[in-house]
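With the numbering used here as the guide, the letters of the sequence shown map in order to residues 243 to 706. The beta carbon of each residue, even a glycine, is placed where N, CA and C say it ideally should be. Please read the structure below before turning to the comments.
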Amino acid sequence: MSTTTDAVESKAAKFPSQIKYIVWNEACERYSYYGMRSILVIFLVSYLGLDKLQATGDYHMFSAACYLFPVLGAYISDRFWGKYKTIIILSLVYCLGHAFLAVFEDSQTGFYWGLGLIALGSGGIKPCVSAHVGDQFKPSQKASLQKVFDVFYFMINFGSFFSTMITPWTLQAYGPAVAFGIPGILMFIATFIFWLGRNQYVHVPPTGPNPHGTGKVIFSGLKNLGKGKGFFGGAMLDHPENSVNDLRAAFNVGKIFIGVTIFWALFDQHGSSWVLQAKEMNLDVNLFGWQATLLPSQIPALNPIMVMVLIPFFTFGVYPLCEKVFKTEMTPLKRMSGGMFVSAAAFGIVAILQMYLDGGDKISVLWQFFPFLIITMAEVMVSITGLQFAYTQAPRSMKSTIMSMWLLTVFFGNIVTAFFSYTAEALSLNGSLFFWFFTALMVVAGVLFVWMAKNYKMQDFMEK
């Protein structure tokens with residue numbers, strides 16, 4: 243009896259054989275995406291001749307689009323095509339976008355069309371890939387499912403680190419066509435690897451139209467708003483109570499997410515305005531006898547390395563210590579609240595560094611180590627914790643919707659940064675004032691987030 247049980251548990255602990263295709267697809271796709279993005283702002287300034295603020299704004303508009311299209315991808319996948327077909331078709335669009343970047347290196351119009359195709363492809367497959375992984379596991383393999391997502395997160399940071407180190411060097415040595423072409427080839431390889439597993443995947447069919455879907459409940463609430471029952475009461479005229487209550491829960495979570503948008507407005511600048519700041523710094527380093535001349539686009543490689551180190555440090559060190567010292571549970575909302583102010587501190591340091599640069603001092607790029615360390619701490623506290631919060635606070639029927647809402651915080655955050663980049667000259671946000679503005683904005687958003695968090699009542703929607 244014991245031998246049989248051990249055999250069953252051993253079998254359940256193994257990943258389904260088809261997982262290898264999805265994991266290696268993820269590795270190649272993430273290398274492709276982060277490699278392309280690592281040189282984007284430098285390319286816009288140094289090759290297309292855009293000024294720094296215009297390039298920063300365009301970079302964040304592209305990043306915003308990458309987090310808007312997941313809503314479209316999730317909808318198409320759930321309602322019409324299913325996950326596999328959605329991933330394959332949009333991956334080919336993704337590859338076409340890379341081809342545009344390589345071919346139209348001298349044409350801003352052609353290049354921007356390529357960015358649009360990449361945003362559609364990258365964003366469209368984003369909510370489908372992780373869900374497709376979960377579809378491959380049986381209920382008895384719950385422990386293995388957690389492990390495969392750990393592997394996924396490792397692959398993302400692994401790919402990000404190496405692509406961020408290698409692609410800027412490729413741009414300098416071989417030019418934009420090769421630098422953008424190699425990530426495109428990697429994306430095509432990713433698509434081919436994923437296609438190889440087509441006959442082994444568990445294919446969950448699309449659900450088709452839902453008469454009580456989120457959009458239809460919202461429409462009913464708006465349509466009946468004037469009948470004296472309020473928004474949710476009006477929605478109940480046409481839909482079951484549980485559908486309306488689930489939407490109410492989603493609205494409450496959405497209020498909490500408002501403050502998170504400003505966090506992304508700051509965090510994603512480590513690939514844009516921070517890179518342009520590094521371009522003004524002394525890139526020759528001599529560290530413990532190791533001498534090298536770094537490229538500005540290589541500095542963000544600090545982030546994935548720090549993430550992999552800080553996650554266990556916070557999980558097993560910082561959070562338990564805070565609970566012991568302050569005699570309080572470090573709930574997701576408390577972690578996220580702290581992360582808001584930590585990210586503001588990171589931008590305060592960047593603003594001080596910019597003040598030295600504005601004064602004519604050629605300071606070492608190694609000083610950026612400190613804001614990168616602090617912003618990565620904020621990422622662990624806000625981003626990773628936020629995913630946990632979004633999942634646990636989502637009713638079963640709204641999990642995809644609320645995860646899409648979480649991705650939309652990244653979209654709106656990048657829109658905020660793009661707006662203030664485009665209008666910085668008119669608002670006199672030049673030099674260090676640009677960074678001080680975002681520092682102050684994050685402090686205000688942090689205070690608002692703390693206030694909303696105190697008034698939020700935690701729910702328990704975990705699957706039984």
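* To do: For Asn466, count neighbouring Cβ atoms within 10 angstroms of its own Cβ and tell me buried if that reaches 16, exposed if not.
  => In the sequence shown, residue 466 corresponds to position 224, counting from 1. Around the CB of Asn466, 16 or more other CB atoms lie within 10 Å, so the residue is classed as buried.
* For Thr535, which beta-bridge partners are listed by DSSP? -> Here residue 535 corresponds to residue number 293 of the sequence shown, with the count starting at 1. Paired residue(s): Asp526.
* To do: Could you spell out the range, first to last residue, of the alpha helix (DSSP H) harbouring Trp355?
  => On the sequence shown, residue 355 is found 113 positions in, with the first residue counted as 1. For Trp355, the enclosing alpha helix (DSSP H) stretches over residues Gln350 to Asp377.
* Could you check the C-alpha separation between Leu650 and Phe304 for me, to the nearest Å? => The count along the sequence shown starts at 1 and reaches residue 650 at position 408. The count along the sequence shown starts at 1 and reaches residue 304 at position 62. Rounded to whole angstroms, Leu650 and Phe304 show a C-alpha spacing of 14 Å.
* To do: Use the C-beta contact count for Val259: other C-beta atoms within 10 angstroms, 16 or more gives buried, fewer gives exposed.
  => Residue numbering aside, residue 259 sits at position 17 when the sequence shown is read from its first letter. The sequence given here has Ser at residue 259, not Val. Exposed: under 16 other Cβ atoms inside 10 Å.
* To do: Output yes if chain D places a C-beta closer than 8 Å to the C-beta of Tyr309; else output no.
  => The structure shown contains no chain D, having only a single protein chain.
* Counterpart residues of Ser280 in DSSP-defined beta bridges -> Sequence index remark: in the sequence shown, residue 280 carries index 38 (1-based). Here Ser280 is not bridged, per DSSP, to any residue.
* **Paired residues, beta bridge with Asn606 - DSSP** => Counting from one through the sequence shown, the residue named residue 606 turns up at place 364. Correcting the residue type first, residue 606 is Ser in the shown sequence and not Asn. In the DSSP output, where bridge partners are listed per residue, Ser606 has Asn524.
* Asked: Per the contact definition of three or more C-beta pairs closer than 8 Å, is the segment 422 to 440 in contact with the segment 287 to 303?
  -> In short, these stretches do not touch, since the Cβ pair count stays below three.
* Since Leu544 and Met684 are thought to touch, with beta carbons under 8 Å apart, how far apart are those beta carbons, to the nearest angstrom? -> Position 302 of the sequence shown, counting from 1, holds the residue named residue 544. Position 442 of the sequence shown, counting from 1, holds the residue named residue 684. That belief does not hold up - the Cβ atoms of Leu544 and Met684 are roughly 20 Å apart, past 8 Å.
* When we look at the beta-carbon of Leu529 and count the other beta-carbons within 10 Å, is it buried (16 or more) or exposed? -> Counted from its first residue, the sequence shown places residue 529 at position 287. Exposed, because fewer than 16 other Cβ atoms sit within 10 Å of the Cβ of Leu529.
* To do: Would you check if the distance between the CB atom of Ile208 and the CB atom of Thr328 is smaller than 8 Å?
  => Since the first residue of the chain shown is 243 and the last is 706, residue 208 is not available in this structure.
* To do: Taking only the alpha-carbon atoms, compute the straight-line gap between Ala421 and Tyr276 and give it to the nearest angstrom.
  => Working through the sequence shown from its first residue, we reach residue 421 at position 179. Working through the sequence shown from its first residue, we reach residue 276 at position 34. CA-to-CA, the gap between Ala421 and Tyr276 works out to about 12 Å.
* With 16 other CB atoms within 10 Å as the buried threshold, where does Glu271 fall? -> Position 29 of the sequence shown holds residue 271. With 16 or more other CB atoms across the displayed protein chains lying within 10 angstroms of its CB, Glu271 is buried.
* Go ahead and label Asn672 buried or exposed: buried means 16 or more other beta carbons lie within 10 angstroms of its beta carbon, across all protein chains shown. => As a position in the sequence shown, residue 672 is number 430, starting the count at 1. Note on Asn672: under 16 other CB atoms within 10 angstroms of its CB, so exposed under the neighbour-count rule.
* **Secondary structure of Gly580, DSSP reduced to three states** => Looking up residue 580 in the sequence shown gives position 338. Gly580 falls in the helix class under three-state DSSP.
* Assumed close pair Leu357, Leu332 - CB separation to whole angstroms, cut-off 8 Å -> The residue you call residue 357 lines up with position 115 of the sequence shown. The residue you call residue 332 lines up with position 90 of the sequence shown. That pair is no contact at about 15 Å.
* Asked: Quick one, are the C-beta atoms of Gly463 and Gly476 less than 8 Å apart?
  -> Against the sequence shown, residue 463 aligns to sequence position 221. Against the sequence shown, residue 476 aligns to sequence position 234. Contact: yes.
* Straight-line Cα distance separating Gly450 from Thr247 -> Counted from its first residue, the sequence shown places residue 247 at position 5. Counted from its first residue, the sequence shown places residue 450 at position 208. The predicted position of Thr247 is uncertain, since its pLDDT is 38 and thus under 50; a value taken from the coordinates is nonetheless stated next. Rounded to whole angstroms, Thr247 and Gly450 show a C-alpha spacing of 40 Å.
* Taking just the CA atoms, how far does Leu428 sit from His445? -> Position 203 of the sequence shown, counted from the first residue, corresponds to residue 445. Position 186 of the sequence shown, counted from the first residue, corresponds to residue 428. Going by the C-alpha atoms only, they are around 25 Å apart.
* **7 Å CB neighbourhood of Gly540 in its chain, flanking five on each side removed** => Your numbering for residue 540 matches position 298 in the sequence shown. Gly is not the amino acid found at residue 540; the sequence shown has Gln there. Exclusion of the five residues before and after Gln540 leaves Thr406, Met407 and Pro410 as the residues of its chain whose Cβ lies within less than 7 Å of its Cβ.
* **Run of the alpha helix (DSSP H) containing Tyr289, from where it starts to where it stops** => Mapped onto the sequence shown, residue 289 falls at position 47. Counting along the chain, Tyr289 falls outside any alpha helix (DSSP H), and DSSP gives it neither H nor E.
* Asked: Count the other CB atoms within 10 Å of the CB of Asp510; is the residue buried (16 or more) or exposed (fewer)?
  -> Taking the sequence shown and counting its residues from 1, the one referred to as residue 510 is at position 268. Of the residues assessed, Asp510 falls on the buried side of the cut-off, its CB having 16 or more other CB atoms within 10 angstroms.
* Asked: Which of helix, strand or coil does DSSP assign to Val502?
  -> In the sequence shown, residue 502 corresponds to position 260, counting from 1. Val502 sits in a helix when the DSSP states are folded into three classes.
* Where does Tyr698 fall in DSSP's three states? -> On the sequence shown, position 456 is the one that residue 698 refers to. Reduced to three states, the DSSP call for Tyr698 is coil.
* Nearest-angstrom beta carbon gap, Ile605 and Met694 [assumed within contact, 8 Å] -> The residue labelled residue 694 in the question sits at position 452 within the sequence shown. The residue labelled residue 605 in the question sits at position 363 within the sequence shown. Their Cβ separation, rounded to whole angstroms, is 38 Å, which puts Met694 and Ile605 out of contact at 8 Å.
* To do: Could you work out which residue in Tyr598, Asn484 and Arg490 is closest to Phe473 when comparing CA atoms only?
  => For the purposes of this step, residue 473 is identified with residue 231 of the sequence shown, where counting begins at 1. Closest option to Phe473, Cα to Cα, is Arg490.
* Asked: From Asp526 to Phe611, what distance separates their C-alpha atoms?
  -> In the sequence shown, the residue the question calls residue 526 occupies position 284. In the sequence shown, the residue the question calls residue 611 occupies position 369. Distance between the alpha carbons of Asp526 and Phe611 is about 14 Å.
* Asked: Apart from the five residues on each side of it in sequence, which residues of its chain come closer than 7 Å, Cβ to Cβ, to Lys696?
  -> Within the sequence shown, numbered from 1, the residue matching residue 696 stands at position 454. Nothing meets the Cβ criterion.
* Presumed contact (8 Å Cβ cut-off) between Ser674 and Met597, rounded CB distance -> Walking along the sequence shown from the start, residue 674 turns up at place 432. Walking along the sequence shown from the start, residue 597 turns up at place 355. Correct: roughly 4 Å between the Cβ atoms.
* Status (buried if at least 16 other CB within 10 Å, exposed otherwise) for Phe342 -> Residue 342 sits at position 100 when you count from the first residue of the sequence shown. With 16 or more other Cβ atoms within 10 Å, it is buried.
* **Residues near Leu563 by beta carbon distance below 8 Å, same chain, minus five either side** => Position 321 of the sequence shown, counted from the start, is the residue given in the question as residue 563. In its chain, beyond the 5 residues on either side, no residue has a beta carbon closer than 8 Å to the beta carbon of Leu563.
* Asked: Run through DSSP, which three-state label would Asp480 get?
  -> Walking along the sequence shown from the start, residue 480 turns up at place 238. Correct three-state label for Asp480: coil.
* Identify which residue in Ser663, Lys569 and Val375 has its Cα closest to the Cα of Phe676. => Translated into positions along the sequence shown, residue 676 becomes position 434. Minimum Cα-Cα distance from Phe676 among the listed residues Ser663, Lys569 and Val375 corresponds to Ser663.
* Asked: Quick one: Cα of Ser514 to Cα of Asn484, how far?
  -> Taking the sequence shown and counting its residues from 1, the one referred to as residue 514 is at position 272. Taking the sequence shown and counting its residues from 1, the one referred to as residue 484 is at position 242. If I take the Cα positions, the gap works out to 44 Å.
* Could you name the residues of the same chain whose beta carbon sits closer than 8 Å to that of Ile261, not counting the 5 residues immediately before and after it, in chain order? => The residue you call residue 261 lines up with position 19 of the sequence shown. Sequence-distant Cβ neighbours of Ile261 in its own chain, meaning closer than 8 Å and more than five residues away, are Val375, Gln378 and Val390.
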